[in-house]
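Chemist: The sequence shown: position 19 = 120 (the numbering used here), numbered continuously.
I'd like to ask some things about the structure below.
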Amino acid sequence: MLVKIIDHKGKERHINAFFVKTVMPKGDDQCEIEVSGAALKIKVNQPADEVALTINAAMPDTQAFLAAAAATEEERQQQQAAAAATGIGIT
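Next up, the structure:
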């Protein structure tokens with residue numbers, strides 16, 4: 102989930118894609134990245150669309166995550182129902 106970004110001064114940074122608040126264009130080939138909890142915005146020499154695609158690619162697959170969470174919850178409920186039928190408590 103970390104994304105490698107090279108800022109406008111050539112400094113390498115790794116940012117957590119989950120905490121990116123905005124990617125703002127600053128001309129054709131430059132943008133600023135606002136990261137939650139960071140005091141300053143990160144300036145990069147890349148178009149905003151390109152940076153946004155890179156950040157989006159680093160985000161977890163939400164649909165797959167939700168499907169896995171639902172399957173886990175369904176399995177837990179089935180285990181509880183089976184335990185209740187036998188009189189054994191599971192938490």
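By construction, the Cβ of each residue, glycine as well, lies at the ideal position given by its N, Cα and C atoms.
Keep in mind the model is a prediction, meaning the values are calculated, not measured.
1. If you follow the beta strand (DSSP E) that N146 is in, where does it begin and where does it stop?
2. Is it right to say A149 is buried, meaning 16 or more other beta carbons lie within 10 angstroms of its own, or is it exposed?
3. Answer with buried or exposed for I156, where buried requires no fewer than 16 other C-beta atoms within 10 angstroms of its C-beta.
4. Give me the Cα-Cα distance between N146 and A184, rounded to the nearest whole angstrom.
5. Note down the Cα distance separating C132 from A170, rounded to an integer number of angstroms.
6. If you follow the beta strand (DSSP E) that P161 is in, where does it begin and where does it stop?
7. Relative to the alpha-carbon of H109, which residue among T173, A165 and K142 has its alpha-carbon at the smallest distance?
8. E151 to R177, Cα distance in whole Å?
Modeler: This is what the structure holds:
1. Note, N146: premise wrong, no beta strand (DSSP E); not H, not E.
2. By the 10 Å Cβ count, A149 comes out buried.
3. Classification for I156: buried.
4. Between the alpha carbons of N146 and A184 lies a gap of roughly 59 Å.
5. So the two alpha carbons sit approximately 36 Å from each other.
6. Unbroken run through P161: none, as it is neither H nor E.
7. Residue K142 is the option with its Cα nearest to H109.
8. Distance between the alpha carbons of E151 and R177 is about 42 Å.
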